[in-house]
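Enquirer: Just passing along the structure, written as structure tokens.
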Amino acid sequence: MSKIRLGRTEILAEKNAFGALPIQRISREEAAHLLRKAFHNGINYFDTARGYTDSEEKIGYALSDVRSQLFIATKTHASTGEELREHLETSLRLMKTDYIDVYQFHNPAALPRPGEENGLYDAMLEAKRQGKIRFIAITNHRLHVAREAIESGLYDLLQFPFSYLSGKAEEGLAAACREADMGFVAMKALSGGLITNSQAACAYLNQYDNVLPIWGVQRESELDEFLSYIQSPPQLDDGLSAAIEADRKQLVGNFCRGCGYCLPCPAGIDIPTMARMSLLLRRAPVASFTTPAMQEGMKRVENCINCRHCAEHCPYGLDTPALLKENYADFWTFVEK
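Residue 297 in this note's numbering sits at position 290 of the sequence shown, and the numbers go up by one each step.
Given below as structure tokens:
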């Protein structure tokens, strides 16, 4: 098994980390089975968030008896220091622990700093002094916030979307984190499900010895894939390189990453699904995306009120209403075939 050092935290994590967002969609016993299997097969870094409904509770239920043998990262979407303290106490209680290894600000629009009126960063420092958290970190989808976090010296770890669909800017973040001795965790290593070749995704990220990929796991078959990469790490050979290049030609550019920060939509549109529909239809069995339920979901695009809430909240600067219209037209072409 290969270990990765997360910068100055000195955390040594197995190169494949467990992303616990998807376990909120399955039962407690199903989640516990996956979490325990992951741990007993070498995974020792588990990432969740206060906003992931019952994900933290499931981690506490499944892993509290081996707490000292693993690393837990969670996130707070708090907007004030008081709210952060409330989130932290809830996370500690649900996960049955008295400390969190990596406590992350969850995608803030601006970088929290000491001395601000909202008291967010100061509350983090207070929690660290109390021993309730070990390291202060941040997750984000905005390049300028990520760069500020690295340059500020205030953060021990950055979590940012990074996959073989990323560009030079994201590669620059990984390099800058190395230079700053700051941990770098790659979220969306499968680009929100658009990357279907997990072996290629893993091989690509294995090139970066300072990058820890988080794999979202909901099914045992998915977990088994990533566990197999622990014992036999995939190498970037000619075949996988060709698969990556083919995906890049099709996917790089103006596409929805499925992050969900455009939600909620006032018109009730499932934007992360409907704005990616053209790509999903071409990368998965068409039948699974043209069901009556999917057709009903796509019809809601007709209710768009052009409020541009989605575009204003997209961290990638997409013209989301235009993207929805394009996908709407393409979807019905598929349905009518």
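Think of the CB as a built atom: it goes at the ideal place given N, C-alpha and C, for glycine as much as any other residue.
Between which residues of its own chain and Pro7 is the CB-CB distance below 8 Å, once the five residues before and five after are set aside?
Expert: This structure cannot settle anything about residue 7, because the visible part of the chain is limited to 8 through 344.
Enquirer: Who are the near neighbours of Asn204 in its chain, counting only those whose CB is closer than 6 Å to its CB and skipping five residues on each side?
Expert: Looking up residue 204 in the sequence shown gives position 197. Here the set comprises Ala250.
Enquirer: Return the chain-ordered list of same chain residues with a C-beta closer than 8 Å to the C-beta of His316, the five sequence neighbours on each side being excluded.
Expert: As a working mapping, residue 316 is identified with position 309 in the sequence shown. Contacts found: Cys269, Cys272 and Pro273.
Enquirer: Mind checking who Met194 pairs with in its DSSP beta bridge?
Expert: As a working note, residue 194 is residue 187 in the sequence shown. Pro168.
Enquirer: Mark Asn147 as exposed unless 16 or more other C-beta atoms lie within 10 angstroms of its C-beta, in which case mark it buried.
Expert: On the sequence shown, position 140 is the one that residue 147 refers to. Its Cβ being crowded by 16 or more others within 10 Å, Asn147 is buried.
Enquirer: With DSSP as the reference, label Leu101 as helix, strand or coil.
Expert: Taking the sequence shown and counting its residues from 1, one reaches residue 101 at position 94. Looking at Leu101 - three-state DSSP - the assignment turns out to be helix.
Enquirer: Which runs of the beta strand (DSSP E), 3 residues or longer, sit entirely within the region 12-38?
Expert: Counting only runs of 3 or more, we get 19-21 and 24-26.
Enquirer: Note down, in chain order, each residue of its chain lying with its Cβ closer than 6 Å to the Cβ of Ile98, except the 5 sequence neighbours on either side.
Expert: The residue labelled residue 98 in the question sits at position 91 within the sequence shown. Position check: residue 98 holds Ser in this sequence, whereas Ile was assumed. Closer than 6 Å at the Cβ level, and outside the excluded window around Ser98, lie Arg57, Glu63 and Thr81.
Enquirer: Cα separation between Leu77 and Trp339?
Expert: Here the question's residue 77 lines up with position 70 in the sequence shown. Here the question's residue 339 lines up with position 332 in the sequence shown. Going by the C-alpha atoms only, they are around 48 Å apart.
Enquirer: Looking at the structure shown, is Lys10 part of a helix, part of a strand, or coil, going by DSSP?
Expert: For the purposes of this step, residue 10 is taken as residue 3 along the sequence shown, with counting starting at 1. Here Lys10 sits in strand by DSSP.
Enquirer: Given Val342, which residues of its chain have a CB within under 8 Å of its CB, disregarding the five upstream and five downstream residues?
Expert: Mapped onto the sequence shown, residue 342 falls at position 335. Result list for Val342: Thr297 and Gln302, in chain order.
Enquirer: State the beta-bridge partners of Leu219 as determined by DSSP.
Expert: Translated into positions along the sequence shown, residue 219 becomes position 212. Leu219 pairs with Val192.
Enquirer: According to DSSP, is Ala56 helix, strand or coil?
Expert: For the purposes of this step, residue 56 is taken as residue 49 along the sequence shown, with counting starting at 1. Three-state result, Ala56: coil.
Enquirer: In three-state terms, what does DSSP make of Val224?
Expert: Residue numbering aside, residue 224 sits at position 217 when the sequence shown is read from its first letter. If DSSP states are grouped into helix, strand and coil, Val224 belongs with coil.
Enquirer: What is the DSSP secondary structure of Ala144, counted as helix, strand or coil?
Expert: The residue labelled residue 144 in the question sits at position 137 within the sequence shown. Note: Ala144 maps to strand in three-state DSSP.
Enquirer: Give every residue of the same chain whose Cβ lies closer than 6 Å to the Cβ of Arg92, excluding the five residues on either side of it in the sequence, and list them in chain order.
Expert: Here residue 92 refers to the residue found at position 85 of the sequence shown. The answer, listed in chain order, is Ala130.
Enquirer: For Val109, which beta-bridge partners are listed by DSSP?
Expert: Locating residue 109 in the sequence shown gives position 102, where the first residue counts as 1. According to DSSP, Val109 bridges with Ala80 and Phe142.
Enquirer: Just mark Asn313 as buried or exposed, buried being the case when its beta carbon has 16 or more other beta carbons within 10 Å.
Expert: Taking the first residue of the sequence shown as position 1, residue 313 is located at position 306. Exposed, because fewer than 16 other Cβ atoms sit within 10 Å of the Cβ of Asn313.
Enquirer: From Arg35 to Cys311, what does the alpha carbon distance come to, in whole angstroms?
Expert: Within the sequence shown, numbered from 1, the residue matching residue 35 stands at position 28. Within the sequence shown, numbered from 1, the residue matching residue 311 stands at position 304. Rounded to the nearest angstrom, the two C-alpha atoms are 37 Å apart.
Enquirer: Determine the DSSP secondary structure at Asp277, reduced to helix, strand or coil.
Expert: Walking along the sequence shown from the start, residue 277 turns up at place 270. Coil at Asp277, not helix or strand.
Enquirer: Rounded to a whole number of angstroms, what is the C-alpha to C-alpha distance between Arg15 and Ala294?
Expert: For the purposes of this step, residue 15 is taken as the residue at position 8 of the sequence shown. For the purposes of this step, residue 294 is taken as the residue at position 287 of the sequence shown. Distance between the alpha carbons of Arg15 and Ala294: 48 Å.
Enquirer: Just how far apart, CA to CA, sit Ala20 and Arg74?
Expert: Along the sequence shown, read from residue 1 onward, the residue named residue 20 stands at position 13. Along the sequence shown, read from residue 1 onward, the residue named residue 74 stands at position 67. If I take the Cα positions, the gap works out to 14 Å.
Enquirer: What are the uninterrupted segments assigned as alpha helix (DSSP H) that are 4 or more residues long and contained completely in the region 249-317, given in chain order?
Expert: Fully enclosed alpha helix (DSSP H) runs of 4 or longer: 278-281, 284-290 and 299-306.
Enquirer: Three Cβ pairs or more, each shorter than 8 Å: is that satisfied between the region 164-172 and the region 198-217?
Expert: With a cut-off of 8 Å, the region 198-217 and the region 164-172 count as touching, because enough Cβ pairs lie within range.
Enquirer: Is Ser198 buried or exposed, if buried means 16 or more other CB atoms sit within 10 Å of its CB?
Expert: Reading the sequence shown from its first residue, position 191 is the one you call residue 198. Buried: at least 16 other Cβ atoms inside 10 Å.
Enquirer: What's the gap between the Cα of Leu13 and the Cα of Gly49?
Expert: Within the sequence shown, residue 13 is the residue found at index 6, counting from 1. Within the sequence shown, residue 49 is the residue found at index 42, counting from 1. If I take the Cα positions, the gap works out to 17 Å.
Enquirer: Would you mind sorting Val192 into buried or exposed? The rule is 16 or more other CB atoms within 10 Å of its CB.
Expert: Position 185 of the sequence shown holds residue 192. It counts as buried.
Enquirer: Taking the alpha-carbon of Leu234 as reference, which of Arg100, Phe46 and Asp245 has the nearest alpha-carbon?
Expert: Mapped onto the sequence shown, residue 234 falls at position 227. For the residues Arg100, Phe46 and Asp245, the minimum Cα distance to Leu234 belongs to Phe46.
Enquirer: Would you call Asp244 buried or exposed, if buried means 16 or more other Cβ atoms sit within 10 Å of its Cβ?
Expert: The residue labelled residue 244 in the question sits at position 237 within the sequence shown. Its Cβ having fewer than 16 others within 10 Å, Asp244 is exposed.
Enquirer: State the DSSP-derived secondary structure class of Ala181, mapped to helix, strand or coil.
Expert: Mapped onto the sequence shown, residue 181 falls at position 174. Helix.
Enquirer: Count the other CB atoms, across all protein chains shown, that sit within 10 Å of the CB of Ala253; report buried if there are 16 or more and exposed otherwise.
Expert: Taking the first residue of the sequence shown as 1, we reach residue 253 at position 246. Result: exposed.
Enquirer: Considering only residues of the same chain and omitting the five flanking positions on each side of Cys263, which have a CB-CB separation below 7 Å?
Expert: Reading the sequence shown from its first residue, position 256 is the one you call residue 263. Pro279, Ala282, Arg283, Leu325 and Leu330, listed in sequence order.
Enquirer: The ligand GTP and Gly199: does the residue's C-beta get closer than 7 Å to at least one heavy atom of that ligand?
Expert: With respect to the ligand GTP, the structure shown offers nothing to examine, as it has no ligands at all.
Enquirer: What does the Cβ neighbour count give for Pro328, buried or exposed, with the cut at 16 atoms within 10 Å?
Expert: The residue labelled residue 328 in the question sits at position 321 within the sequence shown. With 16 or more Cβ atoms within 10 Å of its Cβ, Pro328 is classed as buried.
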